[in-house]
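Counting from 95, one number per residue, gives the positions in the sequence shown under this note's numbering. For each residue, glycine too, the CB sits at the ideal point set by N, CA and C. Only a predicted model underlies this, so the values are computations on that prediction, with no experimental measurement involved.
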Amino acid sequence: MLVDIHCHILPGVDDGAPDMETSRAMIRDAYEQGVRYIIATPHYRPEMFEPSMKKVIRVYHELRDYAEEVGIGLRLGCEYYRNEQMIRHLDKKLRPTMLGSRYVLTEFSTNDSFVTVRNYIYELITKGYRPIVAHVERYFCCQEPERIQELKKLGAQIQINADSVLGYEGHTIKKFCAGLMKDDLVDFIGSDAHNLEGRKMNLGKCAAYVRKKMGQDYAEEIFVDNPRRIWKSR
């Protein structure tokens, strides 16, 4: 049983699944790979991805019903792109956290400075939120393990993408992710799936790879136990 905490599976709300047919196919693919729970995390990025919550909730409920028929529990979250209004939006519940918990999947610019990343993480934590840094391997300022360690000491949790672990984003990123896992700096691996082709669901394939490289206990912690803490924290 795998849990995917980062997935752009809701249709027509961001650059993920373009329509309900694609979303349903992604659900079936996820089930075949052993995924049993998914947190849908549509983008929220001012001036780029600002889907209406009315539409997000409508398509979420429609897809959730289908997912339950297939055998997957679908829940709602959000991938927040860091912005100056972030805390205000969270406090006013203008966008969902992860399952309504205090966990917030937080995205940064690839070119953000480490000071920017650290400051946003610090502010979220001081306001009572639990930031999960989305696909940390993408950020140029976080390419040193010491930087990841500093974020974790602040209280952040770290997510990397399945495709990065598998090497689909290049050998350098694959090696970096392997190092993070060996140093026990990874809390979650998410699919970050967007469609059926270029950015498809590879969580099952990744889990098999991680079991081979890191052992069953480690894979269970990353793909099952840690995601369960989000559910339990609500």
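- By the C-beta criterion, the segment 146-157 is judged not to be in contact with the segment 179-186, since fewer than 3 inter-stretch pairs fall below 8 Å.
- GLY171 is not a Cβ neighbour of MET142, given a cutoff of 7 Å.
- Listed in chain order, the non-local C-beta contacts of ALA134 below 8 Å within the same chain comprise CYS101, HIS102, ILE103, LEU104, TYR154, LEU157, LEU168, ARG169, LEU170 and GLY171, local neighbours out to five positions each way being set aside.
- Under a 10 Å Cβ-count criterion, PHE234 is classified as exposed, with fewer than 16 other Cβ atoms of the shown protein chains found around its own Cβ.
- Runs of beta strand (DSSP E) with 3 or more residues, each lying fully within the segment 275-317, are found at 282-284, listed in chain order.
- Beta bridge pairing from DSSP links HIS137 with GLU173.
- Looking only at ASP98, PRO225, TYR125 and PRO136, the smallest Cα-Cα distance to ASP109 is reached by PRO136.
- Counting C-beta atoms within 10 angstroms of its own C-beta, MET95 has fewer than 16 neighbours from the protein chains shown and is therefore classed as exposed.
- Looking at the backbone, the Cα of ASN205 and that of SER117 are separated by about 31 Å.
- Looking from the CA of ILE283, the closest CA among TYR312, LEU290, HIS265 and LEU218 belongs to TYR312.
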